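In the UniProt record's numbering, the protein residues as written are 1 to 151.
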């Protein structure tokens, strides 16, 4: 299935790229989420419009992403409260990207998109953990998250 991407898709491409994917991936994931459109003759003309708009925004977005990176690095470690079992470091649930975004906002940082926060594995214990935030295809920030007991 040939598709035109309308947003950045990790491991596949960026907006305006024409990609060939398996039918199920395109039909069940990319198209319903608005990450791609079917590649037709009319859509191919839209690719040029998307690329021109993306090029115009790229410089401004790169500078803005660098500003946000500096702000996040200035925060240092972000503390997050979560419920844990008594006498244990094990959490009752796990820390999600939404929890990290809320903790950054509470620490005085910028409002982030939860889809930009990438957690390696699952955070299910108390202590310090490293989380990466992808602000731009060229700008990624490593953020230290301290998970503390809420009780």
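C-beta: ideal position from N, C-alpha, C; glycine also.
Since we're looking at a predicted model, the values are computed, not measured.
Whether residue i touches residue j by CB criterion (8 Å)
i	j	result
residue 95	residue 147	yes
residue 110	residue 68	yes
residue 72	residue 133	yes
residue 35	residue 10	no
residue 4	residue 47	yes
residue 18	residue 2	yes
residue 107	residue 141	no
residue 53	residue 135	no
residue 39	residue 81	no
residue 21	residue 30	yes
residue 117	residue 131	yes
Coarse secondary structure for residue i, derived from DSSP in three states
i	result
residue 82	strand
residue 119	coil
residue 114	helix
residue 27	helix
residue 89	coil
residue 127	strand
residue 13	strand
residue 185	Any answer about residue 185 is impossible in this case: the structure gives the chain only from 1 up to 151.
residue 22	coil
residue 103	helix
Cα-Cα separation between residue i and residue j, rounded to whole angstroms
i	j	result
residue 97	residue 13	23 Å
residue 26	residue 85	42 Å
residue 62	residue 15	16 Å
residue 104	residue 112	8 Å
residue 23	residue 70	41 Å
residue 83	residue 99	13 Å
residue 51	residue 88	52 Å
residue 114	residue 74	20 Å
residue 129	residue 76	12 Å
Supposed close pair residue i, residue j - CB separation, criterion 8 Å
i	j	result
residue 91	residue 143	Their Cβ separation, rounded to whole angstroms, is 19 Å, which puts residue 91 and residue 143 out of contact at 8 Å.
residue 37	residue 43	5 Å
Bridge partner(s) assigned by DSSP for residue i
i	result
residue 134	140
residue 66	Residue 66 pairs with nothing; no bridge assigned.
residue 147	80 and 127
residue 5	36
Minimum Cβ-Cβ distance from residue i to chain B less than 8 Å
i	result
residue 112	Looking for chain B here will not work: only one protein chain is present.
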